[in-house]
Each structure stands twice: as structure tokens, then as C-alpha cells.
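In the working numbering, the protein residues as written are 21 to 168. Virtual Cβ for every residue (Gly too), placed ideally from N, Cα, C.
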Amino acid sequence: MPHTVYFLNGPNANLYGLDKSGTYGSESFASIEQRCQTHAAALGLNLEFRQSNHEGVLVDWIQEARLNASAIIINAAGLTYSSVPILDALMAFDGPIIEAHMSNIWKRESFRHHSYVSKAATGVIAGLGALGYRLALDAVAELLEQPA
Ligand code: DHK
């Protein structure tokens, strides 16, 4: 049975490629997902790639992952810096958790320098754009190969 990985994306991630500031590059969110799906398939992973603008929906999906997934990759976007409910849900998940950000959040405004998600994360990848998402998939593939 292939491992299932939930890749959860938070508010406004659907606007990647459209955002005028260029912070998140020019690739569309749909194209980023497609490249992640191709990479996950090559790694033998079953990928659930989802996006929501709503905190409670993300919490529901993290709880769902407890039953259906071996690992979580999460870019909680703006909720990274405020969401105790997302942190609490992640703390109840047993497998590896990778926190991923397109941008280098530590090079940006100071309000982006404290992440609640990091408290639950196995590791953090930031600043590499969509490449970081594929590296996050590489990381979970390796972590899931290791004996528990
Ligand atoms: C994405 C967002 O939407 C921001 O709110 C975060 C993150 C950074 C990213 O780099 O992917 O601050």
C-alpha cells in the first residue's frame, strides 16, 4: 500500500502566480499542484493536495489525516502566525509533519517570524518556492522509510 500524504495549503495560496508583488513567483497554484502530483507519484506516494481559505476546514483536514495519512506537509500561509487550533490539531498527529513556505519568512516582516506550526513540525522548508514543496515530498518519503 502506498503511503498517503496530506499536503495542506492555507489562505490565499490559490493566488500564487497571480499576486502582483511577485513574492510567490509566476507559477500558478494548479501548476504547482500538478508538479507535486507528478513528483509524489515518482516517489510512490499517494498525494492529497488541498487548499482552503478557512481555518476550521484546515483543522478538519488535519484531523482527517490522523485516520488517512502517514505524513502531513502544511503551508498554513497567514494562519501560521496566529492559529492555536491548527497547532493543537497538528500536535495530535503521529507521523512526520513538514512545514513549508514558498518565501523565506525570516527575510520578511517581523510578524512572520514566529510560527505556531513550527512547534509541531518535524522540519521546516522555506524560501525555495515550489522547489521546496518537492523537497518536502522527498523528506517525507525518506522519513516514512525509516523504522518507527
Ligand atoms: C504564504 C503566505 O500566504 C503568507 O501569509 C506567509 C507563506 C508565507 C509562504 O511563503 O508560502 O507569510
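How should residue i be labelled, buried or exposed, when 16 other C-beta atoms within 10 angstroms of its C-beta is the threshold for buried?
i: Q83; result: exposed
i: F131; result: exposed
i: S46; result: exposed
i: A140; result: buried
i: E119; result: buried
i: A89; result: buried
i: P22; result: exposed
Within the same chain, show all residues whose beta-carbon is closer than 7 angstroms to that of residue i, passing over the 5 residues directly before and after it, in chain order.
i: F69; result: F27, E53, C56, Q57
i: S138; result: E119, V144
i: L67; result: V25, F27, C56, Q57, A60
i: T100; result: S135, Y136, V137
Could you round the C-beta distance between residue i and residue j to whole angstroms and report it? I think they count as a contact, below 8 angstroms.
i: M122; j: G149; result: 5 angstroms
i: L163; j: A91; result: 7 angstroms
i: A60; j: L157; result: 5 angstroms
i: F49; j: R86; result: Rounded, the Cβ-Cβ distance is 26 angstroms, inconsistent with contact.
i: A146; j: L65; result: So it is not a contact: roughly 22 angstroms between Cβ atoms.
i: I117; j: L110; result: 6 angstroms
Mapping DSSP to helix, strand and coil, what is residue i?
i: E119; result: strand
i: E68; result: strand
i: G149; result: coil
i: T43; result: coil
i: N29; result: strand
Just to confirm my understanding: we take residue i, look at its own chain, exclude 5 residues before and 5 after, and list those with CB closer than 8 angstroms. What are they?
i: P105; result: E75, G76, V79
i: H133; result: I125, W126
i: A97; result: N29, G30, P31, N32, A33
i: S102; result: Y136
i: L63; result: L157, D158, A161
i: E165; result: none
Suppose the cutoff is 6 angstroms on Cβ atoms and the five residues either side in sequence are ignored; what does the same chain contact list for residue i look like?
i: Q71; result: N29, A33, N34
i: N73; result: P31
i: Y36; result: Y44, F49
Handout entry: Inside the segment 92-144 only - alpha helix (DSSP H) runs reaching at least 4 residues
Key = 104-111
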